[in-house]
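Numbering (our numbering), first residue to last: 1038 to 1753. Data block below; observations after.
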Amino acid sequence: MLQRPLVVNVQVDLVLLLLTLLAFWTRLSQLSYPNTVVFDEVYYGQFVSLYMKRVFFIDESGPPLGHMILSLGAYLGGFDGNFVWNRIGAEYPSAVNVLSLRLLPALCGALCVPLIYLLTLQLRFSPLSAAGAAGLLLLENSLIVQSRFMLLESVLIFFLLLAFFSYLRFHSSPHSCCLRYAWLLLSGASSAAAVGVKYMGVFSYLLLLVMASVHTWNLIGDQAVSHLSVCVQSVCRAVCVFLVPVLLYVFWFYVHLSLLNRSGPHDQMMSSAFQASLQGGLSRITQGQPLEVAYGSQVTLRSSASQPIPCWLHSHKVNYPIRYESGRGSSHQQQVTCYPFKDVNNWWIIKDPDRQDLFVSSPPHSVRHGDVIQLVHGMTSRFLNSHDVAAPMSPHAQEVSGYIDFNVSMQAQNLWRVDVTNREAESEVWKTILSEVRLVHVNTSAVLKLSGASLPDWGFRQLEVVGDKLFKGSSSWTVEEHRYGTSQEQNDREAELHSPTHIDVNRNISFWAKFVELQWKMLTVKQEDSEHKYSSSPLEWITMQTNIAYWLHSSTNAQVHLIGNPVSWGVANLSLLAYQVLAVIYMLRRRRGFRDIPEDAWHQFLSLGCVCVGGWAVNFLPFLLMEKTLFLYHYLPALCFLFPLSPALLEHAHTHLLSCQAYRRALCVCVLAAAMSVFLSYRTFCPLTYGIPELSANQLEALRWKESWDILYRRR
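So this is what it looks like as structure tokens:
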């Protein structure tokens, strides 16, 4: 063995190597320019700073993996989070490593070029077609701009392309290859990462699942494969493509919640239990409170329906007006509302109807599911009451009041049954923070709830609380602050209610409870729609009717725009149309029994459509149904799937449709002309892509190829 030299044979794809080097050069050169905050960096930068300080936040627009990737780059560059992301154009101080903030998105954007090359090869097209697809992506100005800043689209595109390439590599590998399932595992992990960056990745993942299901179904029907092999392969595919992505998706949130363990700006959107698990904030008040609510407990009750702004059951020494503006009469009893601020009038005392005492006995007598209680307002000693009187703003529901005995025929109806909605047993104890409780009025079976309406000036614009017999909407309450009352006299009790409840004892909730709550908030909390100067509709993206000004120098005409390469966008649109027309013609002729191309070429054509046209469709069509503010960069993932389509269709036409040599030569001439046009268009818009060199006002005006484009400049 030692008598022979050790020889290693290495095959290097020089085209792939050259394309990779060019991609790194176009995406990473002068990455720290401009040294100011650019467009959505002001949005993502706030989350990066919160990560550096381990402060909890929730971003309704997407899962946490993308923010963690951006934060990793900031962490590697020594960023401490001490920068105020308050405006576009703010200059980064010397202490902030701008290169590290933008490095990981730029790396992902650069790696998309070799990935699209490899993906085209896996679709069984020639290296020349693969080079053409990679060249279109390489020279796409909008993708270059989006990858050179601290933004997430390039990261999303990288994981999407990696997922499809890995799956196609798995599918094309021989069954005897031991490493083929490593490719499938990588495909599942990449799909989970894409969904973890932005929820739009779900649609591409579903497309990949459909492809995997069809291939697995074909495997099951293959009589040449044994039953045992079919079972083993099917289970392996299910684990890699379904189970692994689900587990990884959960893992992103586990890391997210483990890192962000301090109270932050979005605490109010979460439940009391979630807030109490964070360091600082509500936990400073609630830690160490008695866990079990007992008769004589002093509590504040937070409504679960008051999201994202919290509010607490409240009363004060003001009565309902005798008559409302509509002329309807009221009970003229003490107002009960829901108040969105901490206040001493939010305190209530849990009273046993069979005892007069308003303090906790020794040992404490815990309140359980099904018990009947009375609620006494701590500061006014009025009993929480409801009766067959219409609520002020919701006439279909009952009024809720603090009962005053006016010595009239209206009797007190102040008994409430405790219904622990998240109980695990019928004898469940009412617990601080953890229990969600519905309070059912014993006399009328109405449920105490927040109506959602605001009272007029006579109610100080506070929120209306009603008794609702219809049980519609959320009607549960949570004990947020809690202590065992020790005073029987009213004066002593008022002093006790003014005192703090803090005791330093830790209490946590499980990861799964936090994960489910956070996931629910992200999917259900609706962002406020706001008009934006550069917002656009999906139909404007296809013809590139819009652009976005990302950055403008404070004193010169140097600027960066998210603007595409018009020629490559036109080529992509033509190829999408050509594929659909050709697919319809093929299917009609095949239905009539004509086979224009060999079966292998037909299956290759179908695979091309499934990946490229399907990838475009799942990343574009959902936006047509979305009611949210949209921007041009939302189209970039869909656009990337069209780039392999153009050269692949040209190769298909050259090989199978054009038999005349003269037609083939003409096609080659057209392709060369189109390639030169793509390059010249890229060079033309480079000053708006990189922000250098500065152009004059006349030069900028000449770049305004469409009237709808917003090109900024200063005349001198």
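Quick reminder that beta carbons are idealized off the backbone N, C-alpha and C, glycines included.
Exercise for the section: Can you grab the Cα-Cα spacing for the pair Gly1601 / Val1276, in whole Å? Expected result: Reading the sequence shown from its first residue, position 564 is the one you call residue 1601. Reading the sequence shown from its first residue, position 239 is the one you call residue 1276. Computed Cα separation, rounded: 39 Å.
Practice task
Let me know the secondary structure DSSP gives Asp1541 once reduced to three states.
Solution key: Locating residue 1541 in the sequence shown gives position 504, counting from the first residue. With a pLDDT of only 40 at Asp1541, under 50, the local geometry of the prediction cannot be trusted, and no value is derived from it.
Exercise for the section: Can you say whether Ser1592 is buried or exposed, counting buried as having 16 or more other CB atoms within 10 angstroms of its CB? Expected result: Within the sequence shown, the letter at position 555 stands for residue 1592. Result: exposed.
Practice task
Identify every run of the alpha helix (DSSP H) within the segment 1360-1443, keeping only runs that are complete inside it and at least 4 residues long; order them along the chain.
Solution key: none
Problem - Proximity winner among Arg1702, Gln1641, Pro1603, relative to Lys1743 (alpha-carbon distances) - result: Locating residue 1743 in the sequence shown gives position 706, where the first residue counts as 1. Ranking Arg1702, Gln1641, Pro1603 by Cα distance to Lys1743 puts Pro1603 first.
Handout entry: Alpha carbon of Ser1438 to alpha carbon of Val1553, nearest angstrom
Key = Here residue 1438 corresponds to residue number 401 of the sequence shown, with the count starting at 1. Here residue 1553 corresponds to residue number 516 of the sequence shown, with the count starting at 1. Taking the straight line from one Cα to the other gives about 35 Å.
Handout entry: Exposed unless 16 or more other CB atoms sit within 10 angstroms - verdict on Asp1077
Key = Position 40 of the sequence shown, counting from 1, holds the residue named residue 1077. Buried, because 16 or more other Cβ atoms sit within 10 Å of the Cβ of Asp1077.
Exercise for the section: Answer yes or no: do Leu1691 and Phe1642 have a C-beta to C-beta separation smaller than 8 Å? Expected result: Walking along the sequence shown from the start, residue 1691 turns up at place 654. Walking along the sequence shown from the start, residue 1642 turns up at place 605. Just to set this straight, residue 1691 is His in the shown sequence, not Leu. No, these two residues do not count as a Cβ contact at 8 Å.
Problem - Rounded straight-line distance, which links the Cα of Ser1718 to that of Ala1132 - result: Here residue 1132 refers to the residue found at position 95 when the sequence shown is read from its first residue. Here residue 1718 refers to the residue found at position 681 when the sequence shown is read from its first residue. Taking the straight line from one Cα to the other gives about 38 Å.
Practice task
Could you tell me the distance, in whole angstroms, from the CA atom of Leu1221 to the CA atom of Val1085?
Solution key: If you number the sequence shown from 1, residue 1221 lands on position 184. If you number the sequence shown from 1, residue 1085 lands on position 48. The straight-line gap from Cα to Cα measures roughly 32 Å.
Exercise for the section: Take Tyr1440 as the anchor and find which of His1414, Tyr1236, Pro1432, Ala1249 has the nearest alpha-carbon. Expected result: One-based indexing of the sequence shown puts residue 1440 at position 403. Of the listed residues, the one whose Cα sits closest to Tyr1440 is His1414.
Handout entry: Alpha carbon of Ser1266 to alpha carbon of Leu1197, nearest angstrom
Key = Translated into the one-based positions of the sequence shown, residue 1266 becomes position 229. Translated into the one-based positions of the sequence shown, residue 1197 becomes position 160. Going from the Cα of Ser1266 to the Cα of Leu1197 covers about 30 Å.
Problem - Residues near His1252 by beta carbon distance below 7 Å, same chain, minus five either side - result: Against the sequence shown, residue 1252 aligns to sequence position 215. The residues are His1208.
Exercise for the section: Check each candidate in Ile1346, Ala1710, Pro1327 and name the one with the smallest Cα separation from Tyr1521. Expected result: For this step, residue 1521 is matched to residue 484 along the sequence shown. Out of Ile1346, Ala1710, Pro1327, Pro1327 has the C-alpha closest to the C-alpha of Tyr1521.
Exercise for the section: Identify every residue that forms a DSSP beta bridge with His1519. Expected result: Working through the sequence shown from its first residue, we reach residue 1519 at position 482. Val1336.
Exercise for the section: Could you pull out every unbroken alpha helix (DSSP H) segment of at least 4 residues lying fully inside the segment 1130-1160, listed in chain order? Expected result: 1135-1159
Practice task
Please classify Asp1529: is it buried, with 16 or more other beta-carbons within 10 angstroms of its beta-carbon, or exposed?
Solution key: Here residue 1529 refers to the residue found at position 492 of the sequence shown. Exposed is the call here.
Exercise for the section: Can you give me the start and stop residues for the beta strand (DSSP E) that Trp1254 sits inside? Expected result: Locating residue 1254 in the sequence shown gives position 217, counting from the first residue. Run containing Trp1254: none in the beta strand (DSSP E); it sits in the alpha helix (DSSP H), 1238-1257.
Exercise for the section: Quick one: using the 10 Å Cβ neighbour count with 16 as the cut-off for buried, is Arg1741 buried or exposed? Expected result: Taking the first residue of the sequence shown as 1, we reach residue 1741 at position 704. Classification for Arg1741: exposed.
Handout entry: Leu1058 burial status per 10 Å Cβ neighbour count (16 or more: buried)
Key = Here residue 1058 refers to the residue found at position 21 of the sequence shown. By the neighbour-count rule (16 or more Cβ atoms within 10 Å), Leu1058 is not buried but exposed.
Handout entry: For Pro1674 and Met1237, believed in contact at Cβ under 8 Å, the rounded distance
Key = The residue labelled residue 1237 in the question sits at position 200 within the sequence shown. The residue labelled residue 1674 in the question sits at position 637 within the sequence shown. That belief holds up - the Cβ atoms of Met1237 and Pro1674 are roughly 7 Å apart, short of 8 Å.
Problem - Given Leu1113 as reference, the closest of Phe1120, Trp1746, Asn1134 once Cα atoms are compared - result: Translated into positions along the sequence shown, residue 1113 becomes position 76. Ranking the options by Cα distance to Leu1113, first place goes to Asn1134.
Exercise for the section: Specify the secondary structure class of Arg1629 as computed by DSSP and reduced to three states. Expected result: Counting from one through the sequence shown, the residue named residue 1629 turns up at place 592. Note: Arg1629 maps to coil in three-state DSSP.
Practice task
Report the rounded CA-to-CA distance for Gln1183 versus Asp1747, giving the unit in angstroms.
Solution key: Counted from its first residue, the sequence shown places residue 1183 at position 146. Counted from its first residue, the sequence shown places residue 1747 at position 710. Roughly 18 Å separates the two Cα atoms.
Practice task
Give the range of the alpha helix (DSSP H) segment to which Arg1217 is assigned.
Solution key: Within the sequence shown, residue 1217 is the residue found at index 180, counting from 1. 1217-1234 is the extent of the alpha helix (DSSP H) around Arg1217.
Practice task
Leaving aside the five residues before and after Val1477 along the sequence, list all residues of the same chain whose C-beta is less than 6 Å from its C-beta, in chain order.
Solution key: If you number the sequence shown from 1, residue 1477 lands on position 440. Excluding residues within five positions, the ones whose Cβ falls inside 6 Å are Arg1454, Asp1456, Val1484.
Exercise for the section: Identify which residue in Phe1195, Phe1680, Met1416, Ala1620 has its Cα closest to the Cα of Val1608. Expected result: For the purposes of this step, residue 1608 is taken as residue 571 along the sequence shown, with counting starting at 1. With distances taken between Cα atoms, Val1608 lies closest to Phe1680.
Problem - Every unbroken beta strand (DSSP E) inside the segment 1548-1603 [3 residues or more] - result: 1585-1589, 1596-1599
Practice task
Consider the C-beta atom of Glu1738 and the heavy atoms of the ligand FMN; say whether any pair is separated by less than 7 Å.
Solution key: In the structure shown, the ligand FMN is absent, as is every other ligand, since no ligand is present at all.
Exercise for the section: Sort Val1650, Lys1379, Gln1596 by Cα distance to Leu1686 and report the nearest one. Expected result: For the purposes of this step, residue 1686 is taken as residue 649 along the sequence shown, with counting starting at 1. Closest by alpha carbon: Val1650.
Exercise for the section: Give every residue of the same chain whose Cβ lies closer than 7 Å to the Cβ of Asn1178, excluding the five residues on either side of it in the sequence, and list them in chain order. Expected result: Position 141 of the sequence shown, counted from the start, is the residue given in the question as residue 1178. The answer, listed in chain order, is Ile1600, Gly1601, Asn1602, Tyr1719, Phe1722, Thr1726.
Handout entry: His1539 to Phe1195 span [Cα, whole Å]
Key = The sequence position of residue 1539 within the sequence shown is 502, counting from 1. The sequence position of residue 1195 within the sequence shown is 158, counting from 1. For His1539, the pLDDT reaches just 47, beneath the cut-off of 50, and the residue's location in the model is therefore unreliable, although a value from the coordinates is still provided. The alpha-carbon atoms of His1539 and Phe1195 are separated by roughly 49 Å.
Handout entry: Segment contact flag, the segment 1378-1395 with the segment 1357-1368, C-beta cutoff 8 Å, min 3 pairs
Key = no
Exercise for the section: Within its chain, find whatever has a CB closer than 8 Å to the CB of Pro1130; leave out the 5 residues flanking it on each side and keep chain order. Expected result: One-based indexing of the sequence shown puts residue 1130 at position 93. Excluding positions up to five away in sequence, the list reads Phe1120.
Handout entry: CB contact flag (Ala1490, Met1430, <8 Å)
Key = Here residue 1490 refers to the residue found at position 453 when the sequence shown is read from its first residue. Here residue 1430 refers to the residue found at position 393 when the sequence shown is read from its first residue. Yes, the pair counts as a contact, with Cβ atoms nearer than the cut-off.
Handout entry: Asp1077 (DSSP reduced to helix, strand or coil)
Key = Here the question's residue 1077 lines up with position 40 in the sequence shown. In the structure shown, Asp1077 sits in coil (DSSP, three-state: anything other than H, G, I, E or B).
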